[in-house]
Amino acid sequence: MKSTLSRRRLLGRAGAAIAAPYFLTSAALGDDKRPAASERIVMGTIGTGGQGTGDMRGFMGHGEVQMVAVCDVVPTHRERAREHVNGKYGNQDCFATGDFREVLARADIDAVLIGTPDHWHAIVTIEACKRGKDVYCEKPETLTIREGRAMVQAVRRYGRVFSGGSQRVLGDYGDWPRLVRGGALGTIKEAYVNCGGPSGPCNLPEETMPEGLDWNMWLGPAPWRPFHSTLIRGGFRPYRDYSGGGMTDWGAHRFGAAMFHTGVHLTGPTDIIPPDGKDVKHLTYVFPNGMKMYHGGTNNITYIGTEGELPSKRKLEVAGPTRYQGYRGRGGIFGDFLACVKSRQNAFRDIEIAHRACTVCHLGNIAYWLKRPLKWDPVKEQIIGDDEAARWLDRAKREPWTV
847 MKSTLSRRRL LGRAGAAIAA PYFLTSAALG DDKRPAASER IVMGTIGTGG QGTGDMRGFM
907 GHGEVQMVAV CDVVPTHRER AREHVNGKYG NQDCFATGDF REVLARADID AVLIGTPDHW
967 HAIVTIEACK RGKDVYCEKP ETLTIREGRA MVQAVRRYGR VFSGGSQRVL GDYGDWPRLV
1027 RGGALGTIKE AYVNCGGPSG PCNLPEETMP EGLDWNMWLG PAPWRPFHST LIRGGFRPYR
1087 DYSGGGMTDW GAHRFGAAMF HTGVHLTGPT DIIPPDGKDV KHLTYVFPNG MKMYHGGTNN
1147 ITYIGTEGEL PSKRKLEVAG PTRYQGYRGR GGIFGDFLAC VKSRQNAFRD IEIAHRACTV
1207 CHLGNIAYWL KRPLKWDPVK EQIIGDDEAA RWLDRAKREP WTV
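Quick note, the sequence shown lines up with residues 847 to 1249 if you use my numbering.
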């Protein structure tokens, strides 16, 4: 098996083994199905709420993964994750902290899983790249379009593997990728994508803060506001200081899938037209190839082509394998990331693809917020002729946090 774990790390492990007392614990012996320690991928989890912990468990189901650290500013989240890791390995070795920088400072960690709220994704990803870590980051990977491009630049500059956390691009749609990309529908003229709407201002009242919570760290780069428990229980998504709402939450999955299936996943729209209550019923994206993509519809995704549509009442078929093979390794998107950590290939949802999918969602939000059409240059990544709209491409960050 080709391994990218550094020679220095391997020598360090060998030296530690020589210096250690001569006995073996059951945890050290492990089971015969686990790879040798030199071929394991050592990981830390940053953000251990519901999705972060779920992803952490998914990665720990792969024998080559050794989870050694967890981080969350919410003490109950952090402790729950630590207990799960220790229970999995039968020891008390898991490092737990409320400061992600302590995880990134560990030289033994190869890769990190980022499951924080969206407003932290860019900062943690970029810092992880600087520290030489590969990154699996939950969707939506970005809060703004400028953050996304900065993440792409960091991943490329530091030579890291990045995977966005959108397993649904392939997993939810079965044979659809093969059929659509294989031409079973002819040329795709229209696609409908059904997901939630944009985020808005946060006007939640102040509540008493629980003991031990580092609220200032939870807010991080976001504007300061008083504590409210909804925000630390996964209820941050409706509020634009932290997320893009349902538009970027499920939109990162479904727009990402539609863009990949139709082959526009490395570009973007040129026009974004919000509904006007008259002629335009759905938020509409027009792509350079003339395809229109709408925010709406009765299915998660609907494709309309010159030769048919999906979902379809008739059996569709194209020549080739019975299922589109997009992932490397085994075990879906987690396995794809792990395989790419070893091979140094780009992951299925590489940072550029993730950024482009999120960009479509962000542009839709800006059009909704301003209630007017936008012109977009997908090459220069600029809004054309609208300075007010262009200001939404990025957000001011609270000191000391920068991208």
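Note that beta-carbon positions come from the ideal geometry of N, C-alpha and C, so glycine has one too.
Check your understanding: Which residues in the same chain have their Cβ closer than 6 Å to the Cβ of methionine 906, if we skip the five residues on either side of it in sequence?
Key -> Locating residue 906 in the sequence shown gives position 60, counting from the first residue. Correct list, in chain order: Met913, Lys934.
Practice item. Over the uninterrupted alpha helix (DSSP H) stretch that includes glutamate 1155, give me the two end residues. Key: Along the sequence shown, one-based indexing puts residue 1155 at 309. Not the alpha helix (DSSP H): glutamate 1155 falls in the beta strand (DSSP E), residues 1154 to 1156.
Exercise for review: Go through the segment 1165 to 1226 residue by residue and report every complete run of the alpha helix (DSSP H) that reaches 4 residues or more, in order.
Suggested key: 1178 to 1189, 1197 to 1216
Review point. Is DSSP giving glycine 1151 helix, strand or coil here?
Key: Residue numbering aside, residue 1151 sits at position 305 when the sequence shown is read from its first letter. Here glycine 1151 sits in strand by DSSP.
Point to revise | N- and C-terminal bounds of the beta strand (DSSP E) containing tyrosine 982 | key: By one-based count along the sequence shown, residue 982 stands at place 136. First-last of the beta strand (DSSP E) with tyrosine 982: 980 to 984.
Exercise for review: Taking all protein chains shown into account, decide if leucine 1112 is buried (16 or more other Cβ within 10 angstroms of its Cβ) or exposed.
Suggested key: Numbered from its first residue, the sequence shown carries residue 1112 at position 266. Leucine 1112 should be labelled exposed.
Check your understanding: alanine 874 by DSSP, collapsed to three states: which one?
Key -> For the purposes of this step, residue 874 is taken as the residue at position 28 of the sequence shown. Unreliable placement is indicated for alanine 874, whose pLDDT of 37 sits below 50; the coordinate value is still reported in the next sentence. Note: alanine 874 maps to helix in three-state DSSP.
Review point. Quick one: what's got a C-beta closer than 6 Å to lysine 1243's C-beta in the same chain, skipping five residues either side?
Key: The sequence position of residue 1243 within the sequence shown is 397, counting from 1. Pro1067, listed in sequence order.
Check your understanding: What is the DSSP secondary structure of alanine 1242, reduced to helix, strand or coil?
Key -> In the sequence shown, residue 1242 corresponds to position 396, counting from 1. Residue state, collapsed to three classes: coil.
**Study point:** Where histidine 1107 falls: helix, strand or coil (DSSP)
**Key:** Locating residue 1107 in the sequence shown gives position 261, where the first residue counts as 1. The answer is helix: DSSP assigns histidine 1107 an H, G or I state.
Review point. For alanine 927, which beta-bridge partners are listed by DSSP?
Key: Counted from its first residue, the sequence shown places residue 927 at position 81. Per DSSP, none; premise fails for alanine 927.
Check your understanding: Expressed to the nearest angstrom, what Euclidean distance is found between the alpha-carbon atoms of tryptophan 1022 and histidine 1107?
Key -> Here residue 1022 is taken as the residue at index 176 of the sequence shown, counted from 1. Here residue 1107 is taken as the residue at index 261 of the sequence shown, counted from 1. Cα to Cα, the separation comes out at about 8 Å.
Point to revise | Burial state of proline 1246 (16 or more Cβ within 10 Å) | key: In the sequence shown, counting from the first residue as 1, residue 1246 sits at position 400. By the neighbour-count rule (16 or more Cβ atoms within 10 Å), proline 1246 is not buried but exposed.
Review point. Between which two residues does the alpha helix (DSSP H) carrying valine 919 extend?
Key: Taking the first residue of the sequence shown as position 1, residue 919 is located at position 73. No alpha helix (DSSP H) contains valine 919, which DSSP labels as neither H nor E.
Check your understanding: Between the C-alpha atoms of arginine 1190 and arginine 1006, what's the straight-line distance to the nearest angstrom?
Key -> Taking the sequence shown and counting its residues from 1, one reaches residue 1190 at position 344. Taking the sequence shown and counting its residues from 1, one reaches residue 1006 at position 160. Cα to Cα, arginine 1190 sits roughly 8 Å from arginine 1006.
Exercise for review: Answer with buried or exposed for isoleucine 1212, where buried requires no fewer than 16 other C-beta atoms within 10 angstroms of its C-beta.
Suggested key: The residue given as residue 1212 occupies position 366 in the sequence shown. Looking at its Cβ environment, which holds 16 or more other Cβ atoms inside 10 Å, isoleucine 1212 is buried.
Point to revise | Closer than 8 Å: glycine 1011 CB and nearest the ligand PLP heavy atom | key: Inclusion of the ligand PLP in the displayed structure is not the case, the ligand content being empty and no account of it being possible.
Review point. At a cut of 8 Å, does the segment 954 to 968 reach the segment 895 to 906 through at least three beta carbon pairs?
Key: yes
Review point. Are valine 1187 and alanine 957 close, meaning C-beta to C-beta below 9 Å?
Key: Looking up residue 1187 in the sequence shown gives position 341. Looking up residue 957 in the sequence shown gives position 111. In this structure, alanine 957 lies closer than 9 Å to valine 1187 by Cβ.
Point to revise | Boundaries of the alpha helix (DSSP H) in which isoleucine 1078 is found, first to last residue | key: As a first step, residue 1078 must be located in the sequence shown, where it is residue number 232. Isoleucine 1078 -> alpha helix (DSSP H) spans 1075 to 1078.
**Study point:** N-terminal and C-terminal residue of the alpha helix (DSSP H) that valine 1082 is part of
**Key:** Stepping through the sequence shown from its first residue, residue 1082 is reached at position 236. Looking at the sequence itself, residue 1082 is phenylalanine, so the reference to valine does not match. Counting along the chain, phenylalanine 1082 falls outside any alpha helix (DSSP H), and DSSP gives it neither H nor E.
**Study point:** The alpha helix (DSSP H) enclosing aspartate 1233, as first and last residue numbers
**Key:** As a working note, residue 1233 is residue 387 in the sequence shown. Where aspartate 1233 is concerned, the enclosing alpha helix (DSSP H) stretches over 1233 to 1236.
Exercise for review: Might you give, ordered along the chain, the residues of its own chain that have their beta carbon closer than 7 Å to the beta carbon of glycine 1151, omitting 5 neighbours on each side?
Suggested key: As a first step, residue 1151 must be located in the sequence shown, where it is residue number 305. Answer for glycine 1151: Leu1031, Gly1032, Thr1033, Ile1034, Lys1035, listed in chain order.
Practice item. Find out if the Cβ-Cβ distance for the pair leucine 1216, alanine 1200 is shorter than 9 Å. Key: In the sequence shown, the residue the question calls residue 1216 occupies position 370. In the sequence shown, the residue the question calls residue 1200 occupies position 354. Result no, Cβ atoms of leucine 1216 and alanine 1200 do not sit closer than 9 Å.
Review point. Residues in its own chain within less than 8 Å of glutamate 1052 by CB, not counting five upstream and five downstream?
Key: Here residue 1052 is taken as the residue at index 206 of the sequence shown, counted from 1. Counting only Cβ-Cβ distances below 8 Å, and skipping sequence neighbours, we find Pro1072, Phe1073, His1074.
Practice item. Take aspartate 1240 and list the residues in its own chain whose beta-carbon comes closer than 6 Å to its own, dropping the five residues that flank it on each side. Key: On the sequence shown, residue 1240 is found 394 positions in, with the first residue counted as 1. Cβ neighbours of aspartate 1240 beyond the five flanking positions: Thr990, Arg992.
Check your understanding: Using the beta-carbon count (16 or more within 10 Å), is glutamine 999 buried or exposed?
Key -> Here residue 999 corresponds to residue number 153 of the sequence shown, with the count starting at 1. The residue is exposed, with fewer than 16 neighbouring Cβ atoms inside 10 Å.
Practice item. Determine the burial state of aspartate 954: buried for a count of at least 16 other Cβ atoms within 10 Å of its Cβ, exposed for fewer. Key: For the purposes of this step, residue 954 is taken as residue 108 along the sequence shown, with counting starting at 1. It is exposed - the Cβ of aspartate 954 has fewer than 16 other Cβ atoms within 10 Å.
Review point. Around the Cβ of arginine 886, are there at least 16 other Cβ atoms within 10 angstroms (buried) or fewer (exposed)?
Key: As a working note, residue 886 is residue 40 in the sequence shown. Buried: at least 16 other Cβ atoms inside 10 Å.
**Study point:** 9 Å Cβ cutoff met for glycine 1142 and glycine 1091
**Key:** If you number the sequence shown from 1, residue 1142 lands on position 296. If you number the sequence shown from 1, residue 1091 lands on position 245. It is not a contact, given that the beta carbons lie outside the stated cut-off.
Practice item. My understanding is that tyrosine 982 touches phenylalanine 1194, with C-beta atoms under 8 Å, so please give their C-beta distance in whole angstroms. Key: As a position in the sequence shown, residue 982 is number 136, starting the count at 1. As a position in the sequence shown, residue 1194 is number 348, starting the count at 1. About 11 Å; that fails the 8 Å criterion.
Review point. Using DSSP with H/G/I as helix, E/B as strand and the rest coil, what is aspartate 964?
Key: Residue numbering aside, residue 964 sits at position 118 when the sequence shown is read from its first letter. Of the three classes helix, strand and coil, the one that applies to aspartate 964 here is helix, per DSSP.
Practice item. Please list the segments of the alpha helix (DSSP H) lying wholly inside the segment 1002 to 1068, counting only runs of 4 or more residues, in order along the chain. Key: 1014 to 1017, 1022 to 1028, 1061 to 1065
**Study point:** Cross-strand partners of alanine 915 (DSSP beta bridge)
**Key:** The residue given as residue 915 occupies position 69 in the sequence shown. Gly890, Phe941.
Check your understanding: Using DSSP with H/G/I as helix, E/B as strand and the rest coil, what is leucine 1131?
Key -> Within the sequence shown, residue 1131 is the residue found at index 285, counting from 1. Per the sequence shown, the amino acid found at residue 1131 is tyrosine instead of leucine. In the structure shown, tyrosine 1131 sits in a strand (DSSP, three-state: E or B).
Review point. Secondary structure at aspartate 1125, three-state DSSP: helix, strand or coil?
Key: In the sequence shown, the residue the question calls residue 1125 occupies position 279. The answer is coil: DSSP assigns aspartate 1125 none of H, G, I, E or B.
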